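Asker: Protein chains in written order, with numbering that gives the first Met the number 0: chain A, 0 to 443; chain B, 0 to 332. The C-beta atom is built at its ideal place from N, Cα and C for all residues, glycine as well. Since the structure is predicted, the reported quantities are computational estimates derived from the model, not experimental observations. The following block contains the structure, expressed as structure tokens.
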Amino acid sequence: MLKTFPKGGVHPPENKLSAGQKIESLAIPKQVSIPISQHIGAPAKPLVKKGDVVKTGQVIAESGGFVSANIHSSVSGKVAKVDAIMDASGYKRPAVIIDVEGDEWIETIDRSADLKKDFNLEAQDIVKKVLEAGIVGMGGATFPSHVKLSIPPGKKADVLILNGVECEPYLTSDDQLMLEKPEEILVGTQILMKALGVNRAIIGIENNKPDSIKIMTDLAKSYQGIEIQPLKVQYPQGGEKQLIKAVINREVPSGGLPIDVGAVVHNVGTTFAVYEAIQKNKPLIERVVTVTGKSVSKPCNLMVRVGTPVSDLIEFAGGLPADTGKVINGGPMMGKALNTVEIPVTKGTSGILIMNEKEASRREVQNCIRCAKCVSVCPMGLSPYLIQQLSEKAMWDEVESEKATDCIECGSCMYTCPSDRPLLDYIRLGKSTVMSIIRARQQK
Amino acid sequence: MSKLLSVSPSPHVAGNYSVKKIMYGVIIAMLPALFVSIYYFGLGAIKVTLIAVLSAIFFEWLIQKLFLKGKSTIADGSAIITGMLLAFNVPSNLPCWIIIVGSFVAIAVGKMTFGGLGNNPFNPALVGRVFLLISFPVDMTRWPIPEPLKFSLTDATTGATPLAILKEGVKNGTPVDQLMSKMPDYMDYFIGQMGGSLGEVSAIALIIGGIYMLMRKIITWHIPVSMIGAIALFTGILWLVDPTQYADPLFHLLTGGVLLGAIFMATDMVTSPMTPAGQLVFGLGIGIITVVIRVFGAYPEGVSFAILIMNAVVPLLNKAFKPKRFGEEVNNG
């Protein structure tokens, strides 16, 4: 029996259309728009102004606090303006817009493809370099990585867990990265282990990626303390709490963090970025993005500079299909629907999924028939049907006692609902309302 | 970019599930029992089922149109189930107009007054059935004797159900083993050759339907197992105490509406608890109340009443038995 998390979960059709497609480098666009807020936490502070000449890899906005991240130029050229542009959130937010001229990198970056295994840095130096390189969680949550590497006083990590699960249907960027850069990821894992002071790391990979499991398992034998853990395919196994439960059978307490059970979780894409930052001195300026969808003529995995318009990626994959109904930034379960493709790729863009008109519209909502499917699939053990009804009626005290704040917004409830009820929509409303009520209470 | 894109919050995919699929799944699961019923009770079974189903659909359509407005819900299949279950719960020689009254009560009182599918606290078919049982006790307890493949609408001989024979006999002081000798053997019960409501007689057909629904994940095992287990345990204890007074557990399981109730009516999603723990308690309650009514009550059969009583407890069970939350009680040894 393969390991997985025991409570809830669904198994949507995997649709990994771009699986096995080699990572191709997308041409640098004529202009990039680099948002200064590509992460959870405070926006970065711009350091450049109109007319400045920048090089690839140069810091153009500096971290705006502890929970924040540096932003680097992904291209060389001249700053056209610093202005608010629409990003994936659908809001206009400040970004540095650069007209591309050539591709001149700052000298300290090692651009060779050679594998560099040895490193000789102390833990705090690694954290510092991760901070400088602007690395954030690349699975989609974009939480600044150096924060996770800074263990709060009184806590201790004993295991590092790497998320190679890629449980979202369609997405293949992590899978492909593990296939093409396995040793880099393993060296990155060692670096993270050093930073955390742990001597054990486990890389969790779902069983629908047999090639990645094989290659990683073979190579991991020569890296001390790193294990590969194949996992049964089950969504949302990439959720931090679910992954920890699946891999080491520890349960993060309600409202707690992985470090409360001695674990730290990083994505394999993030680990690759850490490798590049430490071994190659290269900040996070490009990432792998899956471009996919049933009507897309050429589903692919692309290495893309941050700030490249999404429309360029779609063009590379064969253009926007005529029957396009929805374009999603991320996977189908948790991704965000875009209202335009003229937004930039950011550090958290794991995929661009194009759904056709038929897939794009929701079905008609029917009465709840109390089938309890939502209850049985909720990986957090909540009662989605109930929180939905309570939120609809604005009964916030009850929403709070039903622990809407535990919801990880995986969408399994809505996926499984035979009545197509907008469960997660209302749970989100309830969750955010309750969180602001709690904050207001704490301030009193 | 001229094309307008749809936007909505995630998730952007929905599983291949629908109310319709569930309802038609239940209907398919009921077909084996219907076929056995047609085999034993002939045209009467077909007539009663058809009238019950058609009138249930009609009343749902009418009430939706007149009072609830909105889109008609008759296509979702739930009215068909209510009609079929009502038919399954009455004798096959019931006069047409009584069936129509039963359908009306089931749909109008049992379901639509609460706002239609999903909002009803009680199983609609049972509301209709119990209404008929109380209002028309004679017609509702005149059971045709099963006669395989006798397709005639008239002159069906009638007789008592095994449970009624037992009740009457025990009341008159006849020992149970003497009563048993007058009744069909257990194999007949298992196949369905006995007097009773048209859908309840064949254990094997009901079990086949139940297995189908389990495989399609329409129901879970919790309610049927706990209900049947409770009945077996309770009647078993009584039987061990005094076998001359009380029938054995197998008799209780195979006669009357236990299997129909356990597989098709107690498991109704709308009127049963949301969590496995709640479902186990719910089934347990139904089992105990059924035996209490059968053994100590005025009626020979108590499954319908037991389910309706436990339906009323469901909101409390949902409150008492919440799912165990992730990270609620952490034991990371």
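What first and last residue would you give for the beta strand (DSSP E) that runs through residue 350 of chain A?
Answerer: Unbroken beta strand (DSSP E) run through residue 350 of chain A: 350–355.
Asker: Would you mind listing the alpha helix (DSSP H) stretches within the stretch 380–405 of chain A that are 4+ residues and don't spill past its ends, in chain order?
Answerer: 383–391, 395–400
Asker: Give every residue of the same chain whose Cβ lies closer than 6 Å to the Cβ of residue 278 of chain A, excluding the five residues on either side of it in the sequence, and list them in chain order.
Answerer: 115
Asker: Since residue 251 of chain B meets chain A, which of its residues come closer than 9 Å, beta carbon to beta carbon?
Answerer: Within 9 Å Cβ-Cβ: nothing; residue 251 of chain B doesn't reach chain A, min ~29 Å.
Asker: Between the C-alpha atoms of residue 434 of chain A and residue 404 of chain A, what's the straight-line distance to the nearest angstrom?
Answerer: If I take the Cα positions, the gap works out to 7 Å.
Asker: Please state whether the Cβ-Cβ distance between residue 307 of chain A and residue 169 of chain A is less than 8 Å.
Answerer: no
Asker: Tell me which same chain residues have a C-beta within less than 8 Å of the C-beta of residue 19 of chain B, skipping the five on either side of it?
Answerer: 74, 75, 76
Asker: Output the boundary residues of the alpha helix (DSSP H) element that contains residue 293 of chain B.
Answerer: 275–295
Asker: Residue 122 of chain A to residue 235 of chain A, Cα distance in whole Å?
Answerer: 32 Å
Asker: Please confirm whether residue 323 of chain B has its beta-carbon closer than 8 Å to some beta-carbon of chain A.
Answerer: True, the Cβ-Cβ gap to chain A drops below 8 Å.
Asker: Just the Cα atoms here: how many angstroms apart are residue 66 of chain A and residue 156 of chain A?
Answerer: 20 Å
Asker: Can you check whether the C-beta of residue 285 of chain A is within less than 8 Å of a C-beta belonging to chain B?
Answerer: no
Asker: What are the residues of the stretch 267–298 of chain B that lie near chain A, defined by any Cβ-Cβ distance shorter than 7 Å?
Answerer: 268, 269, 273, 274
Asker: On the three-state DSSP scale, how would you describe residue 0 of chain B?
Answerer: The predicted model places residue 0 of chain B with a pLDDT of 48, which falls under 50 and marks its position as unreliable; any figure quoted below should be read in that light. In the structure shown, residue 0 of chain B sits in coil (DSSP, three-state: anything other than H, G, I, E or B).
Asker: According to DSSP, is residue 163 of chain A part of a helix, a strand, or is it coil?
Answerer: strand
Asker: Hey, does residue 12 of chain B have any beta-carbon neighbour from chain A nearer than 8 Å?
Answerer: Yes, residue 12 of chain B lies at the interface with chain A (some Cβ there is under 8 Å from its Cβ).
Asker: Compute the distance between the beta-carbons of residue 37 of chain A and residue 270 of chain A, then report whether it is under 8 Å.
Answerer: no
Asker: With distances taken between CB atoms, is the gap from residue 230 of chain A to residue 423 of chain A smaller than 8 Å?
Answerer: No, Cβ-Cβ distance for residue 230 of chain A and residue 423 of chain A is not below 8 Å.
Asker: Measure from the C-beta of residue 147 of chain B to each C-beta in chain A and report whether the shortest distance is under 8 Å.
Answerer: For residue 147 of chain B, the answer is no, since every Cβ of chain A falls outside 8 Å of its Cβ.
Asker: Tell me, please, which residues DSSP counts as bridged to residue 306 of chain B.
Answerer: Within the DSSP secondary-structure output, residue 306 of chain B pairs in no beta bridge.
Asker: Suppose you measure from the CA of residue 132 of chain B to the CA of residue 363 of chain A; what does that come to, to the nearest Å?
Answerer: Spanning the two alpha carbons is a distance of roughly 39 Å.
Asker: Identify which residue in B/284, B/148, B/211, B/312 has its Cα closest to the Cα of residue 37 of chain B.
Answerer: B/148
Asker: Would residue 126 of chain B count as contacting chain A if we go by Cβ distances under 8 Å?
Answerer: no
Asker: State yes or no: is the C-beta of residue 408 of chain A within less than 8 Å of the C-beta of residue 427 of chain A?
Answerer: yes
Asker: From the beta carbon of residue 361 of chain A, is the nearest beta carbon of chain B less than 8 Å away?
Answerer: Yes, residue 361 of chain A lies at the interface with chain B (some Cβ there is under 8 Å from its Cβ).
Asker: How many angstroms separate the CA atom of residue 298 of chain B from the CA atom of residue 129 of chain B?
Answerer: 12 Å
Asker: Using a beta-carbon distance below 8 Å, is residue 414 of chain A in contact with chain B?
Answerer: yes
Asker: For residue 57 of chain A, count neighbouring C-beta atoms within 10 Å of its own C-beta (all shown protein chains included) and say buried if the count is 16 or more, exposed if not.
Answerer: buried
Asker: For a minimum of 3 consecutive residues, which ranges assigned as the beta strand (DSSP E) are wholly contained in the stretch 13–43 of chain A?
Answerer: 22–24, 30–34
Asker: Mark residue 228 of chain A as exposed unless 16 or more other C-beta atoms lie within 10 angstroms of its C-beta, in which case mark it buried.
Answerer: A residue is called buried when at least 16 other Cβ atoms come within 10 angstroms of its Cβ; residue 228 of chain A meets this threshold and is buried.
Asker: For residue 447 of chain A, which of helix, strand or coil comes out of DSSP?
Answerer: Chain A is shown only over 0 to 443; residue 447 of chain A falls outside these bounds and no answer can be derived.
Asker: Under 6 Å Cβ to Cβ from residue 413 of chain A, same chain only, skipping five residues before and after it: list those, please.
Answerer: 422, 423
Asker: Just checking, does the stretch 138–152 of chain A make contact with the stretch 297–312 of chain A on the three C-beta pairs under 8 Å criterion?
Answerer: no
Asker: For residue 110 of chain A, count neighbouring C-beta atoms within 10 Å of its own C-beta (all shown protein chains included) and say buried if the count is 16 or more, exposed if not.
Answerer: exposed
Asker: Could you name the residues of the stretch 20–37 of chain B whose beta carbon sits closer than 8 Å to any beta carbon of chain A, in the order they occur along the chain?
Answerer: 20, 21
Asker: Of all the residues that make up the stretch 133–147 of chain B, which are near chain A by a beta-carbon distance shorter than 8 Å?
Answerer: none
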